[in-house]
Amino acid sequence: MQAVLSDVYDWWSRTMRGFVGARGGAPRGPVAVLRRDRLDVFRGPADDAPAAVPLDDLQTGLASLRRGRGAVRGPVTLQLDEGRFITRRLSGFTVPLSRQRAMAAIDLGGSTPFRVEEVHAVLTEPPAARQAPPSEYHIIRRSVIDPVVAALAAARLPVRAIALTAGDGPVLPLRGADLARLTGRTRARSFAHASAIAAMALIAVATAGSFAHAWWRYDTAIAETRAISAPLQARAVRVRKALDERENRMAVLSALRTEIAESRTATEVWEEVTRVLPDSAWLTDMTIAEDTVRLSGFSRAAPAIIAPLEGSGMFSNAEFTAPVVRVPGQAGQRFSLRMDVPAR
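In the numbering used here, the protein residues as written are 386 to 729.
Written as structure tokens, this is what we have:
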């Protein structure tokens, strides 16, 4: 949890620095610049004539700077010049701080010729920029920096901060955890840093509590809604079923009304048959089934019956269904025919 909060704080502080810019300017107090062959000690930001201390005689040189007029008084900001460290890129974009350290440990052990116990792998504070910087770490040999830090401490010039410089690039101070490890001091967190992490923890707890409360209320409301809606839903199903049945009955009745309205009645058919049949014909049977009429009877000239039936506006497709025959003992010819009765 602490690593997560630290990552969140690092992201937030880096974002704020990108918007408002870096604070401060030149380091306060003395500055010691570690070069390849010497240690240049500046007494202050305005000092343009540093004292050069040979690396092979640090204790004597630093002790002399503590004496006399214009003596150097700590604490000191130690800057490592270009060539005193190696920079390794981990990713082209910014990754969380805890992941940077894990990636740096893997890269140091698997992709470099250095032994872990011989070097320091450190991270620096990113420069203030609107665009997220790439993720990098830096390798410093213990044989390069440890004697200098020890000599400064022996000369009562404790190291306040350690920074890396590369040409005209920005001065990148080491992160607090790496500074504490290199100087052998317990890392002292600032009140603002601790307060920020505590505030973030409180915000996270409050957010989780608010979310849990909202979820509980939502779940309770859903349960109450289900309890109320269950009987209403069953009632709605019954009402819907009754409405569907009523609509089906109405559809059947409507179809019947339409069929009745469009169909010819038996009386109409009988009146039309008696009107068009000649007086020489008489019927013995008439059957009406849907849109078909069947006639049976006798006629003195049965073939002449078809023409007047076809000429009627009510009948169509009149035809004999059996041969016309003469029945002994009966006057005329027996016939059987069918014809269509179209709708109105």
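Each residue gets a CB set at the ideal place from its N, CA and C atoms; glycine is no exception.
Would you grab the beta carbon distance between residue i and residue j for me? Rounded to a whole angstrom, and I think it's under 8 Å.
{"i": "His505", "j": "Leu567", "result": "6 Å"}
{"i": "Gly446", "j": "Val438", "result": "3 Å"}
{"i": "Gly723", "j": "Val710", "result": "It is worth fixing the name first, because residue 723 is Arg in this sequence and not Gly. Not confirmed; about 17 Å, so no contact."}
{"i": "Thr499", "j": "Leu493", "result": "It is Phe, not Thr, that sits at residue 499 in the sequence shown. Sure, about 7 Å apart at Cβ, within 8 Å."}
{"i": "Val654", "j": "Val678", "result": "6 Å"}
{"i": "Ala434", "j": "Val426", "result": "With a Cβ gap of about 11 Å, Ala434 and Val426 do not count as contacting."}
{"i": "Ala536", "j": "Gln444", "result": "5 Å"}
{"i": "Arg451", "j": "Pro519", "result": "Rounded, the Cβ-Cβ distance is 41 Å, inconsistent with contact."}
Can you tell which of the options has the C-alpha that lies nearest to the C-alpha of residue i?
{"i": "Ile530", "options": "Leu549, Ser520, Pro693", "result": "Leu549"}
{"i": "Ala538", "options": "Arg458, Gln485, Ala490", "result": "Arg458"}
{"i": "Thr652", "options": "Glu510, Met671, Met635", "result": "Met671"}
{"i": "Gly554", "options": "Ser528, Met585, Pro512, Pro519", "result": "Pro512"}
{"i": "Val726", "options": "Pro708, Phe720, Glu695", "result": "Glu695"}
{"i": "Gln464", "options": "Pro519, Val637, Ala728, Gly414", "result": "Gly414"}
{"i": "Arg423", "options": "Ile471, Thr462, Asp466, Leu493", "result": "Asp466"}
{"i": "Glu656", "options": "Ala686, Gly698, Ala615", "result": "Gly698"}
{"i": "Ala703", "options": "Gln715, Val712, Ser681, Gly717", "result": "Ser681"}
{"i": "Arg486", "options": "Glu521, Ile471, Ser496, Thr472", "result": "Glu521"}
{"i": "Arg421", "options": "Thr497, Glu632, Arg526, Leu587", "result": "Arg526"}
{"i": "Pro532", "options": "Thr706, Glu609, Asn633, Asp442", "result": "Asp442"}
{"i": "Pro663", "options": "Met488, Ala565, Pro693", "result": "Pro693"}
{"i": "Gly669", "options": "Glu675, Gln715, Val544, Ala583", "result": "Going by the sequence as given, residue 669 is Thr instead of Gly. Taking only the C-alpha atoms, the option nearest Thr669 is Gln715."}
{"i": "Thr462", "options": "Pro518, Ser496, Glu675, Leu564", "result": "Leu564"}
{"i": "Ala728", "options": "Val712, Phe705, Asp676, Gly717", "result": "Asp676"}
{"i": "Thr497", "options": "Pro519, Ile471, Glu510", "result": "Ile471"}
{"i": "Gly561", "options": "Ser483, Glu510, Val624", "result": "Glu510"}
Using three-state DSSP, classify residue i as helix, strand or coil.
{"i": "Met585", "result": "helix"}
{"i": "Arg602", "result": "helix"}
{"i": "Phe683", "result": "strand"}
{"i": "Val678", "result": "strand"}
{"i": "Ser697", "result": "coil"}
{"i": "Asp563", "result": "helix"}
{"i": "Leu463", "result": "strand"}
{"i": "Arg408", "result": "Note that Arg408 has pLDDT 49, beneath the 50 cutoff, so the model's placement of it is unreliable and the number below is only indicative. Coil, per DSSP."}
{"i": "Asp492", "result": "helix"}
{"i": "Pro511", "result": "coil"}
{"i": "Ile607", "result": "helix"}
{"i": "Ala573", "result": "With a pLDDT of 48 at Ala573, under the threshold of 50, the modelled position of this residue cannot be trusted; read the value that follows with caution. Coil."}
{"i": "Arg660", "result": "helix"}
{"i": "Val480", "result": "coil"}
{"i": "Thr672", "result": "strand"}
{"i": "Arg625", "result": "helix"}
{"i": "Arg423", "result": "strand"}
{"i": "Arg723", "result": "strand"}
{"i": "Ala707", "result": "coil"}
{"i": "Ala417", "result": "strand"}
{"i": "Ala728", "result": "coil"}
Over the uninterrupted alpha helix (DSSP H) stretch that includes residue i, give me the two end residues.
{"i": "Gly446", "result": "443-450"}
{"i": "Ser665", "result": "Premise fails: Ser665 is in no alpha helix (DSSP H) and is neither H nor E."}
{"i": "Ala716", "result": "No alpha helix (DSSP H) holds Ala716; DSSP gives it neither H nor E."}
{"i": "Arg473", "result": "That residue, Arg473, is in no alpha helix (DSSP H); its beta strand (DSSP E) goes 471-476."}
Count the other CB atoms within 10 Å of the CB of residue i; is the residue buried (16 or more) or exposed (fewer)?
{"i": "Ala546", "result": "buried"}
{"i": "Ser684", "result": "buried"}
{"i": "Ala640", "result": "exposed"}
{"i": "Gly569", "result": "exposed"}
{"i": "Gln618", "result": "exposed"}
{"i": "Ser476", "result": "exposed"}
{"i": "Leu419", "result": "buried"}
{"i": "Leu542", "result": "buried"}
{"i": "Ala573", "result": "Annotation note: pLDDT 48 at Ala573 (below 50); position unreliable, no value reported."}
{"i": "Ile690", "result": "buried"}
{"i": "Leu559", "result": "buried"}
{"i": "Pro688", "result": "exposed"}
{"i": "Ala489", "result": "buried"}
{"i": "Pro713", "result": "exposed"}
{"i": "Ala591", "result": "exposed"}
Taking the beta strand (DSSP E) that residue i belongs to, which residues open and close that run?
{"i": "Arg545", "result": "544-549"}
{"i": "Pro532", "result": "Here Pro532 belongs to no beta strand (DSSP E); instead the alpha helix (DSSP H) covers 527-539."}
{"i": "Ala437", "result": "436-439"}
{"i": "Phe499", "result": "First-last for Phe499: undefined, no H or E at that position."}
Step through the CB atoms of chain B and report whether any lies within less than 8 Å of the CB of residue i.
{"i": "Arg486", "result": "Of the chains in the structure shown, none is chain B; there is only one protein chain."}
Should residue i be counted as a contact of the ligand FAD given a C-beta to heavy atom distance under 7 Å?
{"i": "Pro439", "result": "The model depicted lacks the ligand FAD and carries no ligand whatsoever."}
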